[in-house]
Every structure is written in structure tokens, then in C-alpha cells.
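Chemist: Chains as they are written, first to last, in the numbering used here: chain G, 1 to 146; chain Y, 1 to 146; chain S, 1 to 146; chain D, 1 to 146.
4 protein chains.
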Amino acid sequence: MEKNAAHITIEAFEALCRREANFVEQYGFVTEHIGYGTARARLPFDDAHIRPGGTVSGPAMMALADFAMYALVLGMIGPVPLAVTTSLNVNFLRKPGRADVLAEARILKLGKRLAVGEVNLSSVGSDEPVAHVTATYSIPPPDRRE
Amino acid sequence: MEKNAAHITIEAFEALCRREANFVEQYGFVTEHIGYGTARARLPFDDAHIRPGGTVSGPAMMALADFAMYALVLGMIGPVPLAVTTSLNVNFLRKPGRADVLAEARILKLGKRLAVGEVNLSSVGSDEPVAHVTATYSIPPPDRRE
Amino acid sequence: MEKNAAHITIEAFEALCRREANFVEQYGFVTEHIGYGTARARLPFDDAHIRPGGTVSGPAMMALADFAMYALVLGMIGPVPLAVTTSLNVNFLRKPGRADVLAEARILKLGKRLAVGEVNLSSVGSDEPVAHVTATYSIPPPDRRE
Amino acid sequence: MEKNAAHITIEAFEALCRREANFVEQYGFVTEHIGYGTARARLPFDDAHIRPGGTVSGPAMMALADFAMYALVLGMIGPVPLAVTTSLNVNFLRKPGRADVLAEARILKLGKRLAVGEVNLSSVGSDEPVAHVTATYSIPPPDRRE
């Protein structure tokens with residue numbers, strides 16, 4: 001396998017999520033891209049996720065960012081379901097429109113035990129970011145990955 | 001009204017959420033307490049919110065913490081639906097059990113424009129915290145609250 | 001050694017810092033207490049640390065919080081100089097007075113690889129917190145602690 | 001004045017810091033660039049800032065990031081000394097070398113009351129980032145800027 005190829009396909013990633021992570025269905029996340037060090041996911045607009053003011057809720061955006069990070073990390077270490085978020089920081093920047101939200105994740109540091117990434121969220125049809133996230137995942141040791 | 005009484009009742013808060021924040025229903029959050037400077041909310045355990053490993057997902061816990069912060073802030077400033085989260089930081093500490101999750105929020109600083117609070121999340125039936133959150137809400141000026 | 005006794009004394013901690021961490025001297029930090037799961041440090045007021053407005057600078061408060069976390073972590077794991085901060089989040093709450101700043105740190109979670117704590121900062125002579133910090137330290141594996 | 005020109009010069013910014021922010025001198029920060037929406041600052045390597053392990057301390061890097069954010073914000077709003085950090089989040093990614101540290105700040109959102117930016121820190125002579133920071137500044141209303 002090339003160094004820079006993703007270590008999981010979109011199909012395998014989505015199958016893993018369907019099997020083990022019920023919360024993904026609830027939001028209808030779409031995995032658009034998984035590379036080695038980058039990933040992109042989409043939250044389809046749905047009235048179920050609005051907050052006061054008629055816009056996409058903060059929790060839906062945090063869930064999307066966390067999901068994109070999961071795709072990012074598994075794209076680098078392969079199918080390790082027990083990789084878990086240890087911390088996440090979000091800054092909400094602008095009201096998202098009544099439109100799908102895109103999350104572009106990229107790796108800042110892949111270590112043996114921790115992976116740190118950042119995620120830029122934007123509203124489809126706009127150039128301005130709606131939120132910015134940094135998050136850290138803990139990677140289980142090789143003997144505790146199942 | 002006493003200085004230290006909550007500025008919104010649980011009933012009024014839940015009605016506001018039902019009317020304007022569809023995402024609350026999706027999680028089935030229960031508002032247990034709103035005081036002046038404190039609030040407590042509960043996420044009933046539900047297989048819909050699990051993540052790989054069989055535990056409550058990070059996004060469900062972040063949503064609960066954000067919801068408890070919203071109750072906290074409206075308990076201090078009254079029914080201002082357009083108060084919005086500007087930033088949130090979460091540290092995940094332990095795997096929650098297969099049990100309800102409780103969020104205890106308390107105010108750190110209520111200013112004219114920003115409110116900062118912290119939220120301790122715990123699994124019902126355990127003494128150890130499962131996550132710790134700090135969050136900042138932006139309070140709209142008096143003429144832009146509807 | 002009792003389970004709940006600190007694993008380092010104030011004297012040993014300060015000697016370690018003098019030997020290896022020059023930046024501590026620059027601020028004149030005083031270690032007031034190290035327990036098992038709690039620590040307290042003090043930044044003496046000094047005109048060298050002021051920012052516009054005449055108050056203690058944000059960087060001085062962040063440095064103090066990080067120092068208190070270091071005392072907290074070494075109080076639990078003993079003299080492991082290579083324990084390092086992996087992330088830190090601070091909310092500044094109020095202008096500190098022209099007075100010493102106290103940092104009270106307490107542990108949220110001590111794991112094998114990560115320690116998470118929170119630090120409350122206050123101005124001596126006032127009841128209100130001036131800043132709130134959460135931070136994560138990475139603990140090196142036993143064979144890489146020197 | 002052009003929309004995209006910086007609203008403060010490096011000379012005016014450094015004079016303001018010398019006059020009002022003693023802590024800047026302590027680190028010897030150099031302001032390398034201020035644009036409208038970008039800024040770059042440098043921490044000269046100095047044995048006074050090392051931590052155990054012989055590398056630049058976390059507090060010195062946080063101070064540098066906060067300083068670069070201050071230059072960024074004043075580059076967009078002009079000489080408003082009372083702009084203050086309300087929150088800062090840092091992820092430490094790699095051990096910096098024994099070399100100067102560079103901080104590249106860019107704006108994520110400039111609002112009327114808050115400015116959010118991110119700062120990438122790198123060690124001179126290396127391509128890999130050593131730390132990543134997001135921070136929020138509060139902008140005082142026009143009648144309270146002195």
C-alpha cells in the first residue's frame with residue numbers, strides 16, 4: 001500500500017459506522033472523501049436539526065465535525081473502531097444558511113497514541129466558514145483495538 | 001422577582017425548545033432543574049445514541065452539555081431564544097455506562113454580552129465524571145432578542 | 001506510601017523546576033501546596049507582567065495555570081519531568097486586580113497515558129474567579145521517563 | 001484607507017506594546033508582519049524559555065500565540081489597547097527545536113464584538129507545526145476603547 005493512500009475506503013468506513021455507531025444514521029451524514037490526512041463529510045439540511053432562529057443547530061455541527069475527524073483518523077490508521085475523541089474545541093463563527101453543511105478535516109499531527117486534527121465547516125453555497133473545530137483522538141494500542 | 005430566582009421556569013423553557021429547537025426532541029432531553037446560576041439536564045439512555053464500544057456517543061454528550069448550558073443561560077437572562085453558543089470545549093474522561101447521562105451546569109461569569117459556564121457530565125449510578133465541558137454563550141443586545 | 005499522599009514534595013518539585021525549567025524563575029511562581037489530586041500555586045504581582053489596562057497579562061495567567069497543572073500531575077505520578085502539556089483551554093472571566101493570582105488545580109482524570117485537570121484562577125482579596133483552565137498532560141511510558 | 005490595508009503599522013503596534021504591555025519585553029517578541037487579516041510574530045530562541053527536555057516551554061508558545069493574535073486584531077480594528085483575549089485553546093503537536101518559533105495568525109471571523117483567529121506555530125528550519133492555537137478577542141464598544 002502506498003504511504004499516502006487512505007487506510008480505509010468510504011464503503012468500509014460507512015459499513016463500520018452502520019454496524020457500530022447508531023448515532024450516525026440519526027443525522028444522515030454522508031462521507032464524501034477519505035484520503036491519507038484529509039476527509040470530507042456532509043450534513044444534509046433537515047428541519048429536524050434546526051435551532052431557534054431557523055438555522056442548523058450547534059450540536060449537529062459538532063456531531064458532523066466529530067464524524068469527519070473519525071473518518072480522518074481511520075483513513076490514517078485503518079479500521080480501528082475504538083479510536084475515541086478525547087477532546088474537542090469548537091468556535092461557532094457565523095449562522096449557517098438553510099443548506100447542507102460541509103466539514104473538511106485535515107490532520108495536524110498523527111502520533112502513536114494521539115491524533116490531532118482541525119475541521120473547517122461551511123454552508124454549501126457560501127464562502128465563509130460557519131465553524132472551526134480542533135479535536136484530539138486517542139488511538140488504542142495495537143493489542144486493544146477490537 | 002428575587003435576584004436569585006430563575007428567570008425562566010422549566011415549563012416555559014421546554015415549551016420554547018419544543019417550538020423552536022427541533023433537535024431537542026431527537027435526543028429526548030429532560031430538564032431537571034433550572035436555578036439562577038445552575039441547571040441540570042438528563043439524557044435518557046437509548047440505543048440510538050451509542051458509538052463503537054456500546055457506549056453513549058460523544059456527540060450525544062456534547063449536545064446534552066450544550067442543552068444544559070442553554071437552560072443555565074436562560075435561567076439567568078429569561079426567555080431569549082437567540083442566545084447562541086460561541087465556543088465549547090469538551091474533555092472526555094471515561095466511558096459512560098449503559099445508563100442515563102446527567103449534566104450539571106453552573107455559571108462562571110455572566111457578563112452583558114457573554115456568559116461562560118462549566119458542565120460536569122456523569123453516568124447515573126457512578127461517582128466518576130464522564131466528561132467536562134466549558135462553553136461560552138453570546139447574549140444578544142436588548143433590541144435584538146426576538 | 002499512602003495511596004492519597006502526594007508523590008512529590010514541594011521542595012523536590014521546586015528543585016526539579018529550578019534545574020530544568022528556566023521559565024519558572026522568570027515569573028517567580030510559588031508552589032503553595034501539592035497533594036494527591038490537588039495543587040495550588042501563586043503568581044506574585046509584579047509590574048513586569050501587566051498588560052494594557054494595568055492588569056496581570058493573559059500569558060502570565062496561562063503560564064501560572066500550566067505550572068499548577070505540572071505540580072498537580074507530578075503530585076500524582078512522582079518526579080517525571082517529561083510529562084508535557086498536550087492541550088490547554090482557558091476562559092478569561094474578569095480583570096484581575098493589582099494583586100497576586102492564585103491557581104487551584106484539581107484532577108479530573110488520571111489515566112495511564114493522559115491526565116486531565118482543571119484550574120481555577122482568582123485574584124487574592126476577591127471571591128470571583130478571574131480565569132478557568134482545563135488542560136491535558138501526556139504521561140510518558142515508564143521506559144521513557146528520563 | 002484601502003479596505004485591505006492594515007489599520008496599524010508594525011511601528012505603532014510595537015510602540016503601544018512597549019508603553020502598555022511590559023510582558024512583551026520579557027519574551028523579546030518580534031513583530032514581523034501585520035496585514036488586514038494576517039499577522040506574523042517571532043519568539044527568538046533563548047535559554048530563559050526552556051522547559052524539561054531542553055525545548056521551548058508551552059507558556060512561551062502560548063504567550064507568542066496570544067501576542068500574534070493581538071497584532072492580528074489591532075491590524076483589523078486599529079490601535080485599541082483594551083481589546084482582550086476571552087478564550088484561547090492550544091494543541092501542542094511536536095517538540096520545538098532549539099530554534100526561534102514563528103507564529104502565523106489569520107482571522108476566522110471579525111464581528112462587531114468578537115474576533116476569532118487561528119495561529120500556526122512552527123520551529124524555524126522545520127516544516128512541521130509545533131502547536132496550533134485558536135483564540136477569541138473581545139472588542140470593546142467604540143465609547144470604551146481608551
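We treat Cβ as the ideally placed atom computed from N, Cα and C, and that holds for glycine.
Determine the extent of the beta strand (DSSP E) in which Tyr137 of chain S is found, giving its start and end residues.
Modeler: It spans Pro129 to Ser138 - the beta strand (DSSP E) in which Tyr137 of chain S sits, taken as one unbroken run.
Chemist: For a quick check, are the C-beta atoms of Ala99 of chain S and Phe29 of chain S less than 8 Å apart?
Modeler: No, these two residues do not count as a Cβ contact at 8 Å.
Chemist: Chain A partners of Arg94 of chain G, CB-CB under 8 Å?
Modeler: Annotation note: the requested chain A is absent from the structure, which comprises protein chains G, Y, S and D.
Chemist: Would you give the residue range spanned by the beta strand (DSSP E) that Asn89 of chain Y belongs to?
Modeler: Element bounds for Asn89 of chain Y: Val84 to Phe92.
Chemist: Could you check what DSSP says for Arg106 of chain D in three-state terms: helix, strand or coil?
Modeler: Looking at Arg106 of chain D - three-state DSSP - the assignment turns out to be strand.
Chemist: When the distance is taken between beta carbons, is Val84 of chain D closer than 8 Å to Ala115 of chain D?
Modeler: No, they are not a contact pair.
Chemist: When you compare only the Cα positions, how much space is there between Asp66 of chain Y and Ala48 of chain S?
Modeler: Roughly 39 Å between the two C-alpha positions.
Chemist: How is Asn98 of chain G classed by DSSP in three states: helix, strand or coil?
Modeler: Position check: residue 98 of chain G holds Arg in this sequence, whereas Asn was assumed. Arg98 of chain G: coil per DSSP, three-state reduction.
Chemist: Cutting at 7 Å between CB atoms, please list the residues of its own chain near Ala5 of chain Y, excluding the five before and the five after it.
Modeler: Correct list, in chain order: Tyr36.
Chemist: Give a yes or no on whether the C-beta atoms belonging to Arg42 of chain G and Leu88 of chain G are separated by under 8 Å.
Modeler: For Arg42 of chain G and Leu88 of chain G, no; Cβs fall outside 8 Å.
Chemist: Quick one: is Glu118 of chain Y buried, meaning 16 or more other Cβ sit within 10 Å of its Cβ, or exposed?
Modeler: Flag for Glu118 of chain Y reads buried.
Chemist: What are the residues of the stretch 48-71 of chain Y that lie near chain G, defined by any Cβ-Cβ distance shorter than 7 Å?
Modeler: Residues passing the 7 Å Cβ filter: Ala48, His49, Ile50, Arg51, Pro52, Gly53, Ser57, Gly58, Pro59, Ala60, Met62, Ala63 and Asp66.
Chemist: Determine the burial state of Lys112 of chain Y: buried for a count of at least 16 other Cβ atoms within 10 Å of its Cβ, exposed for fewer.
Modeler: Lys112 of chain Y should be labelled exposed.
Chemist: Which value, in whole angstroms, describes the spacing of the CA atoms of Glu20 of chain G and Ile50 of chain Y?
Modeler: Taking the straight line from one Cα to the other gives about 8 Å.
Chemist: Need the endpoints of the alpha helix (DSSP H) that Gly54 of chain S sits in, please.
Modeler: Taken as a continuous stretch (DSSP letters only), Gly54 of chain S belongs to no alpha helix (DSSP H), as it is neither H nor E.
Chemist: By the three-class DSSP mapping on this structure, what secondary structure does Asn22 of chain S have?
Modeler: In the structure shown, Asn22 of chain S sits in a helix (DSSP, three-state: H, G or I).
Chemist: Could you tell me if Pro96 of chain G is buried or exposed, where buried requires 16 or more neighbouring beta carbons within 10 angstroms of its beta carbon?
Modeler: By the 10 Å Cβ count, Pro96 of chain G comes out buried.
Chemist: Using a Cβ cut-off of 9 Å, pull out every chain D residue sitting near Asn91 of chain S, in sequence order please.
Modeler: Within chain D, the residues near Asn91 of chain S are Thr86, Ser87 and Leu88.
Chemist: Grouping DSSP H, G and I as helix and E and B as strand, with all else coil, what is Ile34 of chain Y?
Modeler: Strand at Ile34 of chain Y.
Chemist: Classify Gly53 of chain D: buried if its beta carbon has 16 or more other beta carbons within 10 angstroms, exposed otherwise.
Modeler: By the neighbour-count rule (16 or more Cβ atoms within 10 Å), Gly53 of chain D is not buried but exposed.
Chemist: Determine the closest residue to Met76 of chain S out of S:Arg94, S:Leu93, S:Thr31 and S:Lys109, with distance taken between C-alpha atoms.
Modeler: Nearest C-alpha to Met76 of chain S: S:Lys109.
Chemist: Between which residues of its own chain and Val154 of chain Y is the CB-CB distance below 8 Å, once the five residues before and five after are set aside?
Modeler: Since the displayed chain Y opens at 1 and closes at 146, residue 154 of chain Y lies outside it and no answer follows.
Chemist: Residues in its own chain within less than 7 Å of Leu16 of chain S by CB, not counting five upstream and five downstream?
Modeler: Hits under 7 Å: Pro79 and Pro81.
Chemist: Would you mind reading off the limits of the beta strand (DSSP E) that contains Val124 of chain D?
Modeler: Neither: Val124 of chain D is in no beta strand (DSSP E) and is coded neither H nor E.
Chemist: Identify whether Arg113 of chain G lies in helix, strand or coil by the three-state DSSP scheme.
Modeler: Three-state DSSP puts Arg113 of chain G in coil, outside helix and strand.
Chemist: How big is the Cα-Cα spacing for Tyr137 of chain Y and Thr86 of chain Y?
Modeler: Tyr137 of chain Y and Thr86 of chain Y: Cα-Cα distance of roughly 5 Å.
Chemist: Could you give the distance in angstroms between the alpha-carbon of Leu121 of chain D and the alpha-carbon of Thr9 of chain G?
Modeler: One C-alpha to the other measures close to 32 Å.
Chemist: When you compare each of Y:Tyr70, Y:Gly125 and Y:Ser126 to His7 of chain Y by their alpha carbons, which one comes out closest?
Modeler: Comparing Cα-Cα distances from His7 of chain Y to each of Y:Tyr70, Y:Gly125 and Y:Ser126, the minimum goes to Y:Tyr70.
Chemist: Select from the stretch 21-39 of chain D all residues with a C-beta closer than 7 Å to any C-beta belonging to chain S, and list them in chain order.
Modeler: Listed by position along the chain: Ala21, Asn22, Phe23 and Gln26.
Chemist: Please classify Ser123 of chain D as buried or exposed, where buried requires at least 16 neighbouring CB atoms within 10 angstroms.
Modeler: Buried: at least 16 other Cβ atoms inside 10 Å.
Chemist: So, does the CB of Leu114 of chain D fall closer than 8 Å to a CB anywhere in chain Y?
Modeler: It does: the Cβ of Leu114 of chain D has a partner Cβ on chain Y nearer than 8 Å.
Chemist: For Ala105 of chain G, I'd like the list of residues in its chain whose CB is within less than 6 Å of its CB, leaving aside the five on either flank, ordered along the chain.
Modeler: Answer for Ala105 of chain G: Ala39, Ala68, Met69, Leu72, Gly117 and Val119, listed in chain order.
Chemist: For chain D, find out if any of its Cβ atoms is closer than 8 Å to the Cβ of Thr9 of chain Y; answer yes or no.
Modeler: Chain D, which has no Cβ nearer than 8 Å to the Cβ of Thr9 of chain Y, makes this no.
Chemist: What's the call for Pro129 of chain G, buried or exposed, on a 16-neighbour Cβ count within 10 Å?
Modeler: Pro129 of chain G is buried by the Cβ-count criterion.
Chemist: From Y:Glu14, Y:Phe23, Y:Thr31 and Y:Asp143, pick the residue whose C-alpha is nearest to that of Val56 of chain G; which is it?
Modeler: Residue Y:Phe23 is the option with its Cα nearest to Val56 of chain G.
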